[in-house]
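Participant: Take a look at this one; I'll ask things after.
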Amino acid sequence: MLLDSEMLETLNSFAASSEDLIFVVNEAFRIEYLNSSALRFIGDGTKEVKGRSYADFLPSSSHEVLARNFRRVFESGEPASFENDMVLSDRKITLDLHLSPVRNGGRFIAGVLGVARDITERKYLENLISHSRREWLRALDEMPHSLAVVGPGHRIERVNRAMALMLNSTVRDAIGMTCYEQFHGTSGPPDFCPLVNRTGSGNYAAEVLEPHLGGSCLSSISSLKDDEGKTVGCLFVAREISELERSLRSRKCGEEYMRMILSSAEYAVYIQDTDGKYVYFNAIPGDQAPWRLIGNSPLEFFEPATALKIIGRVKKVAACGKELTQEIDYVMGEEVLRFSERISPIVDAIGRVKAVATVSVKGAKFRRIKGRTPPAKFVSKDLSAREREVLTLIAGGLTSTQVAEGLSLSRKTVETHRARIMKKLGLHKTSALVSYAAKAGLLE
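Its first residue numbered 3, the sequence shown is counted upward by one per residue in this note's numbering.
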């Protein structure tokens, strides 16, 4: 007899109430013991199962896997662990099984003790995380910008394909390289490295030119912090200056296209979605329908300050749901076109704003004096021209991301400007910035 009364009592003392499936089979692979969880699993309740083959209770697809591992334990005398997928009548599950030899009198192996745990949900989550990680890494590899993650020892821990090509390496071979040698061509970390500037508060970031990377590249370097706020690495993103130049040329062509439309139009009617993108545009008179505008943002067709004002008023009308009437100057190079505009929300059946419609009628037309900006009532002399520009846009209700997009800067750079402005002006809240900008005449 494989299990005497003492052994059964010992098994029941820890196995009877366990959520794991606990069982014992003899050398003929017949069941000697099942705990209550295992009985519920096979669906036999309290029916007598002792002496019956394990195969009577499991799907045929699982028989060979279990039999092979039972034989392995009997022959080697060593425990075995494995995972086994089972297709039941109503679902598919994954069991984590651990088999141990049961010795009866000395070294003779008389049976196998099995402990199985249902890990179906855990495997699902693991597969989901693994899939998400693969998708994330694939997205990084397909990014047009060159990207690298650097660890605390100035060693590269991860690069995407674009960065590997820039380093004349492979994704795998680039791991472990010294970052400052590869990125900057220096024998030691530069002063602007986040790992050198660990003591700075906030998220340290820098933008530098990198001629060492085979051409004129602009890199953005930002700190990576742990849960305690300590800098433990940095994120390095590089893009070729030629890409910026192409972007500027594209916008220049867009500005010329819009100037041609607005210069010939007496009035225009257009609809924008709540992000400011054009979904309909009709200029009258016009030689052709301006389909090129559809789906694009004003940032593609106006200089940044004007474009961000257009987007800002769309968001304002979408947020308040009320009509707005105003005059706006469209700055097109050295020419300024003034339009009187009525901006109205377009709502759905339950009152949600889905888009914004604008009727724009041309007014005065004049030329701007090059290099001159509208006079401000009072503006701190400590602010640079760029800081005044950023202050005006932020005070106009735009986010750092929108300001960055409009001025072709990184979000980190805009936030750095914001921090410097507040420090120079002795202000601590965005509302105080808005008040200051209004008093200074920057919002007129």
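Ideal Cβ placement from N, Cα and C applies to all residues, glycine included.
Return yes when the Cβ of Ser342 is within less than 7 Å of the Cβ of Glu325, no when it is not.
Facilitator: Their beta carbons are not under 7 Å apart, which means Glu325 does not touch Ser342 by this criterion.
Participant: Let me confirm a value: Glu11 is counted as buried when at least 16 other C-beta atoms fall within 10 Å, else exposed. Which label applies?
Facilitator: It is exposed - the Cβ of Glu11 has fewer than 16 other Cβ atoms within 10 Å.
Participant: Could you tell me the alpha carbon to alpha carbon distance between Val234 and Glu417, rounded to whole angstroms?
Facilitator: Taking the straight line from one Cα to the other gives about 22 Å.
Participant: Could you name the residues that DSSP lists as bridge partners for Arg35?
Facilitator: For clarity, residue 35 is Tyr in the given sequence; the question names Arg instead. Answer by DSSP bridge pairing, in chain order: Val26.
Participant: Below 7 Å between beta carbons: does that hold for Val27 and Tyr56?
Facilitator: Taking 7 Å as the Cβ cut-off, Val27 and Tyr56 qualify as a contacting pair.
Participant: Thinking C-beta only, is Ala397 closer than 7 Å to Leu429?
Facilitator: Not in contact: Leu429 and Ala397 (Cβ atoms no closer than 7 Å).
Participant: Does DSSP put Asp275 in a helix, in a strand, or in coil?
Facilitator: Residue state, collapsed to three classes: strand.
Participant: By alpha-carbon positions, which one of Glu77, Leu99, Trp293, Ser39 ends up nearest to Asp87?
Facilitator: Closest by alpha carbon: Leu99.
Participant: Among the residues of its own chain, which have a CB less than 6 Å from the CB of Ala164, if the five just before and after it don't count?
Facilitator: Cβ neighbours of Ala164 beyond the five flanking positions: Ser148.
Participant: Taking contact to mean 3 or more Cβ pairs, one atom from each stretch, closer than 8 Å, check whether the region 355 to 367 and the region 397 to 417 are in contact.
Facilitator: Output reads no: the region 397 to 417 does not touch the region 355 to 367.
Participant: Whose CA, out of Phe31, Glu29, Leu36, lies closest to the CA of Glu19?
Facilitator: First, the residue type needs correcting, since residue 19 is Ser and not Glu in the sequence shown. Cα-wise, what sits closest to Ser19 is Leu36.
Participant: What are the boundary residues of the beta strand (DSSP E) that Tyr280 is part of?
Facilitator: Residues 280 to 286.
Participant: What does a CB cutoff of less than 6 Å around Lys125 pick up in its chain, not counting 5 residues either side in sequence?
Facilitator: Only Thr96 meet the Cβ criterion.
Participant: Looking only at DSSP bridge pairs, what is Ala86 linked to?
Facilitator: Here residue 86 turns out to be Asn, not Ala, going by the sequence shown. Per DSSP, Leu97.
Participant: Between the C-alpha atoms of Leu395 and Val319, what's the straight-line distance to the nearest angstrom?
Facilitator: Rounded to whole angstroms, Leu395 to Val319 spans 17 Å at the Cα level.
Participant: Once the 5 residues before and after Val117 are set aside, which same chain residues still bring their CB inside 6 Å of it?
Facilitator: Result list for Val117: Asp22, Ile24, His100, in chain order.
Participant: Taking only the alpha-carbon atoms, compute the straight-line gap between Leu220 and Arg420 and give it to the nearest angstrom.
Facilitator: Looking at the two C-alpha atoms, the distance is approximately 21 Å.
Participant: Could you give the distance in angstroms between the alpha-carbon of Ala309 and the alpha-carbon of Gly323?
Facilitator: In a straight line, the C-alpha of Ala309 is about 21 Å away from that of Gly323.
Participant: Mark Asn162 as exposed unless 16 or more other C-beta atoms lie within 10 angstroms of its C-beta, in which case mark it buried.
Facilitator: Per the 10 Å Cβ criterion, buried.
Participant: Could you give the first and the last residue of the continuous alpha helix (DSSP H) run that contains Lys227?
Facilitator: Lys227 -> not in any alpha helix (DSSP H); beta strand (DSSP E) instead, spanning 219 to 227.
Participant: Hey, could you find the ends of the alpha helix (DSSP H) Thr394 is sitting in?
Facilitator: Thr394 -> alpha helix (DSSP H) spans 387 to 397.
Participant: DSSP has Gln404 in a bridge; who is on the other side?
Facilitator: Answer by DSSP bridge pairing: none, since Gln404 is not bridged.
Participant: Look up Leu237 in the DSSP assignment and give the residues it is bridged to.
Facilitator: Val151, Ser224, per the DSSP bridge assignment.
Participant: Closer than 8 Å is the cut-off here; do at least three beta carbon pairs connect the region 297 to 308 with the region 278 to 287?
Facilitator: Yes, since at least three Cβ pairs between the region 297 to 308 and the region 278 to 287 fall closer than 8 Å, the two stretches touch.
Participant: Which residues does DSSP list as the beta-bridge partners of Gln328?
Facilitator: For Gln328, which the question treats as bridged, DSSP gives the partners Glu343.
Participant: With respect to the alpha helix (DSSP H) encompassing Glu159, which residues constitute its N-terminal and C-terminal limits?
Facilitator: Looking at the DSSP string, Glu159 is not in any alpha helix (DSSP H); the run it does join, the beta strand (DSSP E), is 158 to 161.
Participant: Which term fits His133, buried or exposed, when burial requires 16 or more other beta carbons within 10 angstroms of its beta carbon?
Facilitator: Label assigned to His133: exposed.
Participant: Look up Glu137 in the DSSP assignment and say whether it is helix, strand or coil.
Facilitator: Residue state, collapsed to three classes: helix.
Participant: Is it buried or exposed, Ala357, if we count other Cβ atoms within 10 angstroms and call 16 or more buried?
Facilitator: The residue in question, Ala357, is buried, as its Cβ has 16 or more Cβ neighbours within 10 Å.
Participant: On the criterion of 16 or more Cβ atoms from any shown chain inside 10 Å, does Lys94 qualify as buried, or is it exposed?
Facilitator: Exposed, because fewer than 16 other Cβ atoms sit within 10 Å of the Cβ of Lys94.
Participant: Return the chain-ordered list of same chain residues with a C-beta closer than 7 Å to the C-beta of Ala17, the five sequence neighbours on each side being excluded.
Facilitator: Result list for Ala17: Ile24, Asn37, in chain order.
Participant: Around the Cβ of Leu215, are there at least 16 other Cβ atoms within 10 angstroms (buried) or fewer (exposed)?
Facilitator: Looking at its Cβ environment, which holds 16 or more other Cβ atoms inside 10 Å, Leu215 is buried.
Participant: How many angstroms separate the CA atom of Ala69 from the CA atom of Arg140?
Facilitator: Approximately 41 Å between the Cα atoms of the pair.
Participant: Could one say the Cβ of Ser386 lies closer than 7 Å to chain D's Cβ atoms, at least one of them?
Facilitator: The structure shown contains no chain D; it is built from a single protein chain.
Participant: Leaving out the 5 sequence neighbours to the left and right, which residues in its chain are closer than 7 Å to Ala40 when beta-carbon positions are compared?
Facilitator: Once the five neighbours on either side are set aside, the close Cβ partners of Ala40 are Leu23, Ile24, Phe25.
Participant: So, is Ile286 buried or exposed, given that buried needs 16 or more other C-beta atoms within 10 angstroms?
Facilitator: Answer is exposed; the Cβ neighbour count stays below 16.
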